[in-house]
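For the sequence shown, this note's numbering begins at 373 and goes up steadily by one.
Note that CB positions come from ideal geometry on N, CA and C, so glycine has one too.
Below is one structure, written out as structure tokens; comments come after it.
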Amino acid sequence: MTFQFNKCSEKSLAGVTLSLSPVDFCVTEGLRTKVRQIELVAAGKSQTMKSRHLTGHAIDVYAYPPGCPGGSRDWKYYE
373 MTFQFNKCSE KSLAGVTLSL SPVDFCVTEG LRTKVRQIEL VAAGKSQTMK
423 SRHLTGHAID VYAYPPGCPG GSRDWKYYE
């Protein structure tokens, strides 16, 4: 299976360590600034200021399994 990232995903992957998945996915966020992490913690969307996003060792993704053009939040695609 091959993957191709769009420009938005490539931008989100800047500075991030990447491993491949058998499911196609969109990267929604990668390396974060401290300011961005503060915003997310303040909004209750993150719980820590020690996020691995701050070091480029984490990404947020949205799965697009075969036959599901709108994507899926079903946990089985993220395990």
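- When secondary structure is reduced to three states using DSSP, Tyr434 falls in the strand class.
- The beta carbon of Ser444 is closer than 7 Å to those of Ala435, Pro437 in its chain, skipping five residues each way along the sequence.
- Where Glu451 is concerned, there is no enclosing alpha helix (DSSP H), because DSSP gives it neither an H nor an E.
- For Leu403, the closest alpha carbon among the candidates Gly416, Gly387, Ala415, Val395 is that of Gly387.
- Annotated three-state conformation of Val399 is strand, per DSSP.
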